[in-house]
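Written out below as structure tokens is the structure these notes cover.
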Amino acid sequence: MKTTISSNQPLREIANVFLWLGIVYITWTFMHPADPYLQFTKEVLGRYFPVRYFLILHITAGGGAIILGPFQFWKRLHANGWKLHRIIGTFYLLAVLASSICAIILASTASYAVGWSYAFSLQVWATVWISSTFIAYRMALKRKFKQHQEWMVRSYLVTLAFVISGLLLRTPWVKELGSLADVGPSFFWLGWAVPIYLYEVILSARRKA
Ligand code: HEM
1 MKTTISSNQP
11 LREIANVFLW
21 LGIVYITWTF
31 MHPADPYLQF
41 TKEVLGRYFP
51 VRYFLILHIT
61 AGGGAIILGP
71 FQFWKRLHAN
81 GWKLHRIIGT
91 FYLLAVLASS
101 ICAIILASTA
111 SYAVGWSYAF
121 SLQVWATVWI
131 SSTFIAYRMA
141 LKRKFKQHQE
151 WMVRSYLVTL
161 AFVISGLLLR
171 TPWVKELGSL
181 ADVGPSFFWL
191 GWAVPIYLYE
201 VILSARRKA
């Protein structure tokens, strides 16, 4: 199967490259403060110490999922066939699998130190992450490619929620609203639920058209 590229594609592709670079840059700035954790000492890791290996795998694989995801939607990559799409897709799947299982472990242990609703919102987010990605994969295996594409968009929106909630939680306005335990859960829910809701609105409008 081959994908054809329309004449107005180059501009859109340049915009996509900049968008991807923006996502990579923001992810890097969010990952960077976690560098000291690599010292693996109790003093630096604090409440993460008992689950330190899960934390490091979670961060590394999560970063990989964010960076790889956009390639799955890049039409030029499909222009010469689907082999590369399948290879990158497998790495994306493995990255989400590793990071989300670790996220469930972290959210069921270390996160309770912040609060119950903080831990619960992260547990649900991680479950939605792993399940939406699994459904996307199953749809590809069943060769239901339209549903596969839609579920991949949902899966990546859940991945991207890390950037959305992270950016919002760092704004001075949100910081003034209260502690991480107070405001974190609301912004974790918002980070994935609102983009997925908007995506469903778009899909519904397309179906009517
Ligand atoms: C998309 C779903 C994700 C979920 C459900 C999730 C869940 C979690 C959980 C439960 C923790 C421990 C939080 C705590 O106990 O305070 C955590 C920490 C962390 N996660 Fe994620 N995560 C996700 C995505 C990502 C991604 C894509 C990255 C990218 C690199 C990432 C990087 C981090 C970092 C750097 C920390 C440590 C934060 C700190 O220093 O306290 N996460 N995450």
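Letter 145 of the sequence shown, counting from 1, is numbered 145 in UniProt numbering, and no numbers are missing.
C-beta: ideal position from N, C-alpha, C; glycine also.
It should be emphasised that the depicted structure is a prediction, and the values quoted were computed from it without experimental measurement.
*Exposed or buried, Thr27, counting other C-beta atoms within 10 Å across all chains shown (16 or more means buried)?*
Taking the sequence shown and counting its residues from 1, one reaches residue 27 at position 27. Buried: at least 16 other Cβ atoms inside 10 Å.
*Please name the residue in Pro185, Gly62, Asn16 and Ile67 whose C-alpha comes closest to that of Arg76.*
The residue you call residue 76 lines up with position 76 of the sequence shown. Closest option to Arg76, Cα to Cα, is Asn16.
*Rank Glu176, Val174, Ile23 and Thr159 by C-alpha distance to the C-alpha of Ile196 and give the top, closest one.*
Position 196 of the sequence shown, counted from the first residue, corresponds to residue 196. Ranking Glu176, Val174, Ile23 and Thr159 by Cα distance to Ile196 puts Thr159 first.
_Cβ neighbours of Leu93 in the same chain (closer than 8 Å, five flanking residues each side left out)_ = The residue you call residue 93 lines up with position 93 of the sequence shown. Excluding sequence neighbours, Leu93 sits near Thr133 and Tyr137.
*Assign Leu177 to one of three DSSP states: helix, strand, or coil.*
By one-based count along the sequence shown, residue 177 stands at place 177. The answer is coil: DSSP assigns Leu177 none of H, G, I, E or B.
*Coarse secondary structure for Val114, derived from DSSP in three states*: Counted from its first residue, the sequence shown places residue 114 at position 114. Residue state, collapsed to three classes: coil.
_Below 8 Å on the Cβ atoms is my contact criterion, and I expect Ser111 with Tyr118 to pass it. Report the Cβ-Cβ distance as a whole number of Å._
Here residue 111 is taken as the residue at index 111 of the sequence shown, counted from 1. Here residue 118 is taken as the residue at index 118 of the sequence shown, counted from 1. The pair is a contact, with the Cβ atoms about 6 Å apart (cut-off 8 Å).
*Can you give me the start and stop residues for the alpha helix (DSSP H) that Gly64 sits inside?*
As a first step, residue 64 is located in the sequence shown; it is residue number 64 there, counting from the start. Here the alpha helix (DSSP H) through Gly64 covers Arg52 to Leu68.
*asked:* Can you give me the C-alpha to C-alpha distance between Phe40 and Arg52, rounded to a whole angstrom?
replied: Stepping through the sequence shown from its first residue, residue 40 is reached at position 40. Stepping through the sequence shown from its first residue, residue 52 is reached at position 52. Cα to Cα, the separation comes out at about 7 Å.
*For Ala103, which option in Ile88, Thr90, Trp129 and Lys83 has the closest C-alpha, if you only look at C-alpha atoms?*
By one-based count along the sequence shown, residue 103 stands at place 103. Closest by alpha carbon: Trp129.
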